[in-house]
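K.L.:
Protein chains: 2
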Amino acid sequence: MNKTVLAELRQTLGDGRVSTAPEDLAAYAYDGTWAEMRPDVVVHPQETAQVIAVLRIADAARVPVVPRGSATGLAGGAVPVEGSICLNLARMNRILEVSVPDTVAVVQPGVITQDLQRAAERLGFFYPPDPASVYQCTIGGNVATNAGGPRCLKYGVTGDYVLGLEVVLAGGHVLRLGGRTIKDVAGYDLKRLFIGSEGTLGVVTEITVRLIPKPAAQLTALAAFPRLADACAAVGNILQAGIVPLVTELMDQGTTRAIEDFKHLGLPTDVEALLLVAVDGDADLVQREIAVVADVLKRSGARDLRHARTAEESEALWEARRNVSPAIARLARNKLGEDIAVPRSRIPEMVARLGEIGRAHDLRIIVYGHIGDGNLHPTILCDRRDAAMMGRVAKAAESVLEAAVSLGGTLTGEHGIGIFKREHVPLGIDGNVLAWMAGVKALFDPNGIMNPGKKLPG
Amino acid sequence: MNKTVLAELRQTLGDGRVSTAPEDLAAYAYDGTWAEMRPDVVVHPQETAQVIAVLRIADAARVPVVPRGSATGLAGGAVPVEGSICLNLARMNRILEVSVPDTVAVVQPGVITQDLQRAAERLGFFYPPDPASVYQCTIGGNVATNAGGPRCLKYGVTGDYVLGLEVVLAGGHVLRLGGRTIKDVAGYDLKRLFIGSEGTLGVVTEITVRLIPKPAAQLTALAAFPRLADACAAVGNILQAGIVPLVTELMDQGTTRAIEDFKHLGLPTDVEALLLVAVDGDADLVQREIAVVADVLKRSGARDLRHARTAEESEALWEARRNVSPAIARLARNKLGEDIAVPRSRIPEMVARLGEIGRAHDLRIIVYGHIGDGNLHPTILCDRRDAAMMGRVAKAAESVLEAAVSLGGTLTGEHGIGIFKREHVPLGIDGNVLAWMAGVKALFDPNGIMNPGKKLPG
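Structure follows, in structure tokens:
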């Protein structure tokens, strides 16, 4: 990297916030994927003014900037690009305000999602978005990817809670968008452009989220379905019974067997699927609702129904779901975790296609997901040392995306495009639409310094 | 208008879908405001292909196009501009699909909002957005203004239900955005740019909305508050009790007196405010919740609490709220209905400012609104024949907007900018942000034919 740029960064931010030490460059070369690229420099701003300075200097010198929070992402979005500045926002981690009268919180992007959840809960409120990495991931990263999780059928995604954003654009221009009201129709909703843009349009430096009252109770049922299609239909049947479940987590037979081999929970491994259903809300109501859910599950074809009557019993049922990732990790040296979403009615067909794709490419694909919102995580087991296998994995992954799109779904429900799906974007988004997306990118980042080579196809 | 353009429109759409008859031009000159401008021609497309043709012809000839649904808007957004084509979407009024397994509906823009609500309810589902004009307004208009209503604290605004859009841009380019899944993070969220853009970026020709299960019951309480500030605090207290009310409608003393003079419902007219609170959901739960609400209202300073125990009793309480508009209409020859939103904690201060503004300009301002989401409708009583008074009305209206912004609020919560607030936009939106909004407009509508002179300042 140009020495002048480094000198300018050091002069503006101070030496302690700029590092080119090899151990730092190595530490910031990763995210939650197997991708790796060292940045030329890592900067650690602590306030918006410093982010502005970085984006001014970088834009003038045409140096790429890759923002990151905790880098738990699963699409390579926060992995540095060649010759880039890694903009580490983890030190901007203050909860600026939790307002009881306005039921909003104002936070910096580096706040860990669970810390916001806890700050809200201490005051009797609830911040529903709950991505799997909630203990490590940041709100800024959640906004950048419009993060989801298991609760989205009932409570929506991260973007549904964002009322206001402060964004710094390439060149250091600051936009304050939205505010702290649910209703605001002055101007265009630019805020939503930045939500889910994976750091390619600007850097979010402050976030105002709305909070809701904390539900009093939560109860869970775990059902074994001989036929996976029946588990999918059961979710629709629960909705038709007037209940919006908090979570509806599907685990296929491969997933269930992996958990059972790992944890010996006594799960039925001879069925096509397990379905974990939870409801939350008023304490009396959830007791009645979980009974209705149990009844609907039985009528929908469930066997071996476990119906928690206490919070402790619920915890025991969650044990299975919580062990999905470590259990799958034991099955193979590597895995490619996919993240498609399809209309709920098409899930059984999608799962059947996954079986066909696995057989066609001689690969094992297991699947679990948040089926209430149609979001499935097909996981292709593999070994990165086996080049021939990895060639088949790439083809199978493309077939998975093609299948999802052909069923009316999307390439990514919650992980994002990052670098891993970048070249597949035209499978899911029309060229006409992509041209306007490229126009938006050029408008907000005319020199193309913001996280280049991510999100949109090259 | 250029004869060639008219001939092209006639040739492409057919004579029955193109009118220049004076009675048609007069009929399409209005919306829900007092603004008036005749278009040069009215076209009545029945399918997307015809909208494409109109926007291709208009863009080539640089003729402005003003889309409209039922034109119930309160900001002048659907009032034609000089020399324009009025694009009447009312005949594109088919409900294309209500899918039970996917819990979505797919509709054309001219569908009346209540028709969609009823179609959903027939299948046990619920489409929550409920703008006051629900019997006349169209879904396309609701999307164009991101329409709100009284249920937004609990259920959000129109845009929160839109999963997918088909949009036709100037020049006839078609974008299909989003789909039928809650989760979709492929590409930028262009869909949200069009929601609330008031026809200035493109024309929405198909809408996919998500539905939710229909709540089983709804109950209501009406409370009289000697102090308006206590009514505002009561809403926060209800949330802190763990209940998200369906509606929280505030009526100030002026509004209450107008209703009482009109309908003689026996409302207390010696208090500063009435607050109507409703809860919805499970039938047993709403019984318990309305009791908690009643208790919170009393503890918050309510007097004369009427607490409905049946649906019929609830209906009687709604009688007051439903008569707000006709009751106010009797008070003066004309009225200017404002539509600000402020953070909930600032409502008492905002109401105090309205009193000061009214006194300063020798005008009567009454106020009602959806206070759970901070949305107030200050209404300035006036007589358009009195030029001096109307000068004071204009100044007072500007002061209302300034006050809302100074309290952290917005110029418009749900009505939109249209033509009426266009020149006031810089009060509420920073020049830097406006410049990027203008950039977005130029990107999607380079020749500026889409509803020019609306939404953004000139």
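Which chain is which? The protein sequence lines are A and B, in order.
The first sequence begins at 1 in this note's numbering and counts up one residue at a time.
The second sequence begins at 1001 in this note's numbering and counts up one residue at a time.
Virtual Cβ for every residue (Gly too), placed ideally from N, Cα, C.
As the structure is a computational prediction, the values presented were derived from the model and not from experiment.
For the stretch 1129-1160 of chain B, which residues have a CB atom closer than 8 Å to at least one CB atom of chain D, in sequence order?
P.N.:
Judged by its chain identifiers, the structure shown contains no chain D, and its protein chains are A and B.
K.L.:
Within 10 angstroms of its Cβ, does GLU356/A collect 16 or more other Cβ (buried), or is it exposed?
P.N.:
For the purposes of this step, residue 356/A is taken as residue 356 along the first sequence, with counting starting at 1. Exposed, because fewer than 16 other Cβ atoms sit within 10 Å of the Cβ of GLU356/A.
K.L.:
Could you check where the alpha helix (DSSP H) with TYR127/A kicks off and where it finishes?
P.N.:
Residue mapping note: residue 127/A aligns to position 127 of the first sequence, counting from 1. Neither: TYR127/A is in no alpha helix (DSSP H) and is coded neither H nor E.
K.L.:
If you measure beta-carbon to beta-carbon, which residues of the stretch 229-244 of chain A are closer than 7 Å to chain B?
P.N.:
Those residues of the stretch 229-244 of chain A that come within reach of chain B (Cβ to Cβ, closer than 7 Å) are GLY236, LEU239, GLN240, GLY242, ILE243 and VAL244.
K.L.:
Can you tell which of PHE1262/B, LEU1089/B and GLY1199/B has its C-alpha closest to the C-alpha of ASP1069/B?
P.N.:
Indexing the second sequence from 1 puts residue 1069/B at position 69. Going by the sequence as given, residue 1069/B is Gly instead of Asp. The residue with the shortest Cα to Cα distance from GLY1069/B is LEU1089/B.
K.L.:
Output needed in chain order: residues of the stretch 184-209 of chain A with a Cβ under 7 Å from some Cβ in chain B.
P.N.:
For the stretch 184-209 of chain A, which is checked against every Cβ of chain B, the residues closer than 7 Å are ASP184, VAL185, ALA186, GLY187, TYR188, ASP189, LEU190, ARG192, LEU193, ILE195, GLY196 and SER197.
K.L.:
Examine chain B for any beta-carbon lying closer than 8 Å to the beta-carbon of GLY301/A, and answer yes or no.
P.N.:
The residue you call residue 301/A lines up with position 301 of the first sequence. So no, GLY301/A is outside the interface.
K.L.:
Are any of the Cβ atoms in chain A nearer than 8 Å to that of VAL1342/B?
P.N.:
If you number the second sequence from 1, residue 1342/B lands on position 342. Interface residue, yes.
K.L.:
Along the chain, which unbroken stretches of the beta strand (DSSP E) at least 3 residues long are found entirely within the stretch 161-223 of chain A?
P.N.:
Whole beta strand (DSSP E) segments, 3+ residues: 162-168, 174-178 and 203-210.
K.L.:
In whole angstroms, what separates the C-alpha of GLY141/A from that of VAL277/A?
P.N.:
The residue you call residue 141/A lines up with position 141 of the first sequence. The residue you call residue 277/A lines up with position 277 of the first sequence. One C-alpha to the other measures close to 28 Å.
K.L.:
Ignore the nearest five residues each way along the sequence and tell me which others in GLY124/A's own chain have a CB closer than 6 Å to its CB.
P.N.:
By 1-based counting over the first sequence, the position of residue 124/A is 124. Taken in chain order, the residues that qualify are LYS214.
K.L.:
Can a CB atom of chain B be found closer than 8 Å to the CB of SER345/A?
P.N.:
Residue 345/A sits at position 345 when you count from the first residue of the first sequence. Yes, its Cβ sits closer than 8 Å to a Cβ of chain B.
K.L.:
Based on Cα-Cα distance, which residue from HIS1424/B, LEU1193/B, ARG1385/B and LEU1297/B lies nearest to ALA1403/B?
P.N.:
Residue mapping note: residue 1403/B aligns to position 403 of the second sequence, counting from 1. Of the listed residues, the one whose Cα sits closest to ALA1403/B is HIS1424/B.
K.L.:
Looking only at C-alpha atoms, which of ALA1021/B, LEU1211/B, ALA1071/B and GLN1253/B sits nearest to TYR1030/B?
P.N.:
Counting from 1 along the second sequence, the entry for residue 1030/B is found at position 30. TYR1030/B has its Cα closest to that of ALA1071/B, out of ALA1021/B, LEU1211/B, ALA1071/B and GLN1253/B.
K.L.:
Determine, for HIS1377/B, whether the minimum Cβ-Cβ distance to residues of chain A falls below 8 Å.
P.N.:
Locating residue 1377/B in the second sequence gives position 377, counting from the first residue. Chain A, which has no Cβ nearer than 8 Å to the Cβ of HIS1377/B, makes this no.
K.L.:
So the candidates are PRO64/A, VAL111/A, ILE112/A and ARG122/A; which of them puts its Cα closest to the Cα of THR103/A?
P.N.:
By 1-based counting over the first sequence, the position of residue 103/A is 103. Here the closest residue by C-alpha is ARG122/A.
K.L.:
According to DSSP, LEU251/A sits in a beta bridge with which residue or residues?
P.N.:
One-based indexing of the first sequence puts residue 251/A at position 251. Going by the sequence as given, residue 251/A is Met instead of Leu. DSSP, once it has assigned bridges, lists LEU274/A and TYR368/A as partnering MET251/A.
K.L.:
By the DSSP assignment, the beta strand (DSSP E) with ASN375/A in it spans what residues?
P.N.:
By one-based count along the first sequence, residue 375/A stands at place 375. Its beta strand (DSSP E) spans residues 375-382.
K.L.:
Just to confirm the assignment: which complete alpha helix (DSSP H) runs, minimum length 4, are found wholly within the stretch 1082-1134 of chain B?
P.N.:
Here the runs fully enclosed are 1113-1122.
K.L.:
Within its chain, find whatever has a CB closer than 7 Å to the CB of GLU1097/B; leave out the 5 residues flanking it on each side and keep chain order.
P.N.:
Counting from one through the second sequence, the residue named residue 1097/B turns up at place 97. Counting only Cβ-Cβ distances below 7 Å, and skipping sequence neighbours, we find ALA1105 and VAL1106.
K.L.:
List, in chain order, every chain A residue whose beta-carbon is nearer than 8 Å to that of MET1437/B.
P.N.:
Residue numbering aside, residue 1437/B sits at position 437 when the second sequence is read from its first letter. Here the neighbours are GLY187, TYR188 and LEU190.
K.L.:
Within 10 angstroms of its Cβ, does ALA438/A collect 16 or more other Cβ (buried), or is it exposed?
P.N.:
Taking the first sequence and counting its residues from 1, the one referred to as residue 438/A is at position 438. Exposed: under 16 other Cβ atoms inside 10 Å.
K.L.:
How would you list, in chain order, the residues of chain B whose beta-carbon sits under 8 Å from the beta-carbon of VAL433/A?
P.N.:
As a position in the first sequence, residue 433/A is number 433, starting the count at 1. Those are LEU1175, ARG1176, LEU1177, GLY1187 and LEU1190, listed as they occur along chain B.
K.L.:
I need the DSSP call for HIS1424/B, collapsed to helix, strand or coil.
P.N.:
Along the second sequence, read from residue 1 onward, the residue named residue 1424/B stands at position 424. In the structure shown, HIS1424/B sits in a helix (DSSP, three-state: H, G or I).
K.L.:
Can you tell me where the beta strand (DSSP E) holding ASN334/A begins and where it ends?
P.N.:
Within the first sequence, the letter at position 334 stands for residue 334/A. Where ASN334/A is concerned, the enclosing beta strand (DSSP E) stretches over 334-337.
K.L.:
Using the C-alpha atoms, what's the distance from PRO452/A back to ILE419/A?
P.N.:
Translated into the one-based positions of the first sequence, residue 419/A becomes position 419. Translated into the one-based positions of the first sequence, residue 452/A becomes position 452. Rounded to the nearest angstrom, the two C-alpha atoms are 10 Å apart.
K.L.:
For VAL79/A versus GLU36/A, is the C-beta distance shorter than 8 Å?
P.N.:
Position 79 of the first sequence holds residue 79/A. Position 36 of the first sequence holds residue 36/A. In this structure, GLU36/A lies closer than 8 Å to VAL79/A by Cβ.
K.L.:
Work out the CA separation of SER1133/B and ARG1333/B for me, nearest whole Å.
P.N.:
On the second sequence, residue 1333/B is found 333 positions in, with the first residue counted as 1. On the second sequence, residue 1133/B is found 133 positions in, with the first residue counted as 1. For ARG1333/B and SER1133/B, the distance between alpha carbons rounds to 21 Å.
K.L.:
Is VAL342/A helix, strand or coil when you go by DSSP?
P.N.:
Here residue 342/A corresponds to residue number 342 of the first sequence, with the count starting at 1. Reduced to three states, the DSSP call for VAL342/A is coil.
K.L.:
Measure from the alpha carbon of LYS183/A to the alpha carbon of each residue in PRO1131/B, PRO1457/B, MET1251/B and ASP1280/B, then state which is nearest.
P.N.:
The count along the first sequence starts at 1 and reaches residue 183/A at position 183. Ranking the options by Cα distance to LYS183/A, first place goes to PRO1131/B.
K.L.:
In chain B, which residues lie with their C-beta within 8 Å of the C-beta of VAL425/A?
P.N.:
Translated into the one-based positions of the first sequence, residue 425/A becomes position 425. The answer, in chain order, is ALA1186 and GLY1187.
K.L.:
Find out if the Cβ-Cβ distance for the pair PHE444/A, LEU177/A is shorter than 8 Å.
P.N.:
Walking along the first sequence from the start, residue 444/A turns up at place 444. Walking along the first sequence from the start, residue 177/A turns up at place 177. No, they are not a contact pair.
K.L.:
Residues in its own chain within less than 7 Å of VAL1171/B by CB, not counting five upstream and five downstream?
P.N.:
Taking the first residue of the second sequence as 1, we reach residue 1171/B at position 171. It is worth fixing the name first, because residue 1171/B is Gly in this sequence and not Val. The residues are LEU1055, ARG1056 and ASP1059.
K.L.:
Here's the rule: buried if 16 or more other CB atoms are within 10 angstroms of the residue's CB, otherwise exposed. What is PRO1378/B?
P.N.:
Stepping through the second sequence from its first residue, residue 1378/B is reached at position 378. Classification of PRO1378/B: buried, given that the 10 Å Cβ count is 16 or more.
K.L.:
Shorter than 8 Å from the beta carbon of LYS454/A to some beta carbon of chain B?
P.N.:
As a working mapping, residue 454/A is identified with position 454 in the first sequence. No, no contact with chain B.
K.L.:
In terms of alpha-carbon separation, which member of VAL1041/B, ARG1227/B and ARG1210/B lies closest to VAL1546/B?
P.N.:
As shown, chain B starts at 1001 and ends at 1458. That puts residue 1546/B outside it, with no answer to give.
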